[in-house]
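A quick write-up on the structure given underneath.
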Amino acid sequence: MTDVLRRGRASLAFGFFAQGATFALLVTRIPAIQDRYGISDALLPVFLAAVPILAGVGSVTTEQLVKRIRPSRLLRWSQPLVLLALLGAGAGGRIAELAVALGAFGLAVGALDASMNMLGVSLQRSYGRSIMLSFHAAYSLGGILGASLAWVGAHWHLALWVSYLPVVAVLLPATLVGSRWYVDGEPASVGQERGQGQGGGVVFRLLLPLCLVMTFAYIGDSTVSNWSAKYLKDVLGSSEQLATVPYNVYMVTTLLGRAIGDFGVRRFGAVAVVRLGTLVAAGGFAVVASASGAWVGMLGFTLLGLGLCVLVPQTFAAAGRLFPGASDAAVARLNIFNYVGFLVGSPLVGALGDAWSYRGAMLVPMVLVLVTLVYARSFAAQPDRYGGGHERPRTADVGRGSNGL
Numbered sequence: 001m002t003d004v005l006r007r008g009r010a011s012l013a014f015g016f017f018a019q020g021a022t023f024a025l026l027v028t029r030i031p032a033i034q035d036r037y038g039i040s041d042a043l044l045p046v047f048l049a050a051v052p053i054l055a056g057v058g059s060v061t062t063e064q065l066v067k068r069i070r071p072s073r074l075l076r077w078s079q080p081l082v083l084l085a086l087l088g089a090g091a092g093g094r095i096a097e098l099a100v101a102l103g104a105f106g107l108a109v110g111a112l113d114a115s116m117n118m119l120g121v122s123l124q125r126s127y128g129r130s131i132m133l134s135f136h137a138a139y140s141l142g143g144i145l146g147a148s149l150a151w152v153g154a155h156w157h158l159a160l161w162v163s164y165l166p167v168v169a170v171l172l173p174a175t176l177v178g179s180r181w182y183v184d185g186e187p188a189s190v191g192q193e194r195g196q197g198q199g200g201g202v203v204f205r206l207l208l209p210l211c212l213v214m215t216f217a218y219i220g221d222s223t224v225s226n227w228s229a230k231y232l233k234d235v236l237g238s239s240e241q242l243a244t245v246p247y248n249v250y251m252v253t254t255l256l257g258r259a260i261g262d263f264g265v266r267r268f269g270a271v272a273v274v275r276l277g278t279l280v281a282a283g284g285f286a287v288v289a290s291a292s293g294a295w296v297g298m299l300g301f302t303l304l305g306l307g308l309c310v311l312v313p314q315t316f317a318a319a320g321r322l323f324p325g326a327s328d329a330a331v332a333r334l335n336i337f338n339y340v341g342f343l344v345g346s347p348l349v350g351a352l353g354d355a356w357s358y359r360g361a362m363l364v365p366m367v368l369v370l371v372t373l374v375y376a377r378s379f380a381a382q383p384d385r386y387g388g389g390h391e392r393p394r395t396a397d398v399g400r401g402s403n404g405l
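Okay, so the sequence shown: first residue is 1 according to the UniProt record's numbering, each after it adds one.
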């Protein structure tokens, strides 16, 4: 394996890490943001929904931009914008200022997520074995850091901008420096695998099962991200400080699952890993819904992390295998359903919680995640099987480095 590939993998992993920390700092302080700007419970879902809508616009735009601009360049400049938008969300004093900050965050994060996963898919193809989970493990590690810093901020009653400024000051220059070593991979030969349209385009009918799985996974993930703190505080009676912990627990278990996930895919295949993850995640939602106290709720979020952690990385990887000649377009379109999941999940759980009960609302993402079992065969490797005894030889073509852009 060349040094170019190794540096590209390490720099991209750091990009995932930085985004995990940034996103965690935003979502774990939602109660504090709500208090700072005086947002009512009825209006909060509107703000939560605006971010994924704009992120979807950013992802659609990215699909068009990568026809002329390398994904590495889009990632290089979208990540600083996300960090600055986070700082803006913590520093404003009026709802209009929050709306501008969250709008910028949404548009930039759509480009960031799409381009980041494009690079991950192309690097996995260059490596010739499953490595996608390792990038998302770095994201989980960043999420742990971000959630821990959010806990510190809540514990010491720090202003939001005080919590956010040191993180932005460190991560912004670090990501810019690390972006020098991003690697843009070359697409595989058109028509190499099933699913290719005329000229190597994406056939949406074949991508649809993966889009549904992505949606269900992010409905589950958004439930944890946007409602775990409120659920623990309002339903299970925890303190505000303890309410920041479930997301941290969730990220710890996603880190553990993703750290070993690539080995599981190589040994047992993606289908078995996805099926197991689906069943564990459904069990986690059941525990959360029936929890008698905060610590039992923590157990449920632990199971959720272990189960949901494999679904999203494997969905991106499956899209890359299905459309090797058009993987960037496939990833960009699939990434939209990341935000569809957030768009549906956050308001759905909130509306059901207000109209019925938050315990009952937790059963809805449980049922939707279980539907993933119907589509598990979509994760089956085609001619290139990432598994024991079935790996492709590692390719020497590492694509174009992003230096000299």
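Where a beta carbon is used, it is the ideal one built from N, C-alpha and C, also for glycine.
Member of the options whose CA lies at the smallest distance from the CA of residue i
{"i": "Pro-71", "options": "Leu-158, Val-340, Leu-12 and Ile-131", "result": "Leu-12"}
{"i": "Leu-303", "options": "Gly-257, Leu-44, Gly-110 and Pro-45", "result": "Gly-257"}
{"i": "Ser-40", "options": "Phe-379, Val-367, Gly-350 and Val-364", "result": "Gly-350"}
{"i": "Ser-148", "options": "Leu-206, Gly-103 and Tyr-250", "result": "Tyr-250"}
{"i": "Val-344", "options": "Pro-365, Ala-326 and Trp-356", "result": "Pro-365"}
{"i": "Arg-94", "options": "Arg-36, Gln-79, Gly-305 and Val-273", "result": "Arg-36"}
{"i": "Ser-163", "options": "Gly-305, Trp-356 and Thr-28", "result": "Thr-28"}
{"i": "Leu-352", "options": "Ala-281, Gly-106, Tyr-231 and Ala-259", "result": "Tyr-231"}
{"i": "Trp-227", "options": "Trp-181, Phe-285 and Val-177", "result": "Phe-285"}
{"i": "Tyr-247", "options": "Val-168, Ile-131, Val-183 and Gly-143", "result": "Gly-143"}
{"i": "Phe-16", "options": "Leu-236, Tyr-127 and Leu-133", "result": "Leu-133"}
{"i": "Ala-217", "options": "Leu-311, Ala-259, Ala-150 and Leu-158", "result": "Leu-311"}
Own chain residues within Cβ distance below 7 Å of residue i, not counting five before or after
{"i": "residue 472", "result": "Outside the modelled stretch of the chain, which goes from 1 to 405, sits residue 472, for which no answer is possible."}
{"i": "Ala-49", "result": "Leu-343, Ser-346 and Pro-347"}
{"i": "Gln-34", "result": "Leu-44"}
{"i": "Ala-291", "result": "Leu-236, Gly-297 and Gly-300"}
{"i": "Gln-198", "result": "Interpretation of Gln-198 is limited by its pLDDT of 40, a score under 50 that renders its predicted location unreliable; the figure taken from the coordinates is listed afterwards. The answer is none, since no qualifying residue turns up."}
{"i": "Leu-255", "result": "Ala-137, Ser-140, Leu-141 and Ile-144"}
{"i": "Gly-195", "result": "Per-residue confidence for Gly-195 stands at a pLDDT of 48, beneath the threshold of 50, marking its modelled position as unreliable; the derived number appears in the next sentence. Around Gly-195: Val-203, Leu-206, Leu-322 and Phe-323."}
Burial state of residue i, where buried means 16 or more other Cβ atoms lie within 10 Å
{"i": "Asp-262", "result": "buried"}
{"i": "Lys-67", "result": "exposed"}
{"i": "Gly-307", "result": "buried"}
{"i": "Phe-323", "result": "buried"}
{"i": "Thr-146", "result": "According to the sequence displayed, residue 146 carries Gly and not Thr. Buried."}
{"i": "Arg-205", "result": "exposed"}
{"i": "Leu-30", "result": "Residue identity check: residue 30 is Ile in the sequence provided, not Leu. That one is buried."}
{"i": "Val-152", "result": "exposed"}
{"i": "Leu-102", "result": "buried"}
{"i": "Ser-225", "result": "buried"}
{"i": "Asp-354", "result": "exposed"}
{"i": "Thr-278", "result": "buried"}
{"i": "Ile-219", "result": "buried"}
Cβ neighbours of residue i in the same chain (closer than 8 Å, five flanking residues each side left out)
{"i": "Val-331", "result": "Ala-114, Asn-117, Met-118, Val-121, Phe-316, Ala-319 and Gly-320"}
{"i": "Leu-171", "result": "Ala-18, Ala-21, Thr-22 and Leu-83"}
Other residues of its chain near residue i: CB distance less than 6 Å, five sequence neighbours each side excluded
{"i": "Val-340", "result": "Thr-215"}
{"i": "Leu-299", "result": "Val-287"}
{"i": "Gln-79", "result": "Leu-112 and Thr-175"}
Residue i at chain B interface by Cβ criterion, 8 Å
{"i": "Thr-28", "result": "In the structure shown, chain B cannot be found, because there is only a single protein chain."}
Count the CB pairs spanning the region 366-374 and the region 209-227 that are closer than 8 Å, and state whether there are at least three. yes
Count the C-beta pairs between the region 127-141 and the region 68-88 that are closer than 8 Å, then say yes if the count reaches three, no if not. no
So, do the region 358-370 and the region 238-254 have three or more beta carbon pairs nearer to each other than 8 Å? Touching, no.
Sufficient close CB pairs (3 or more, under 8 Å) joining the region 105-113 to the region 50-70: yes
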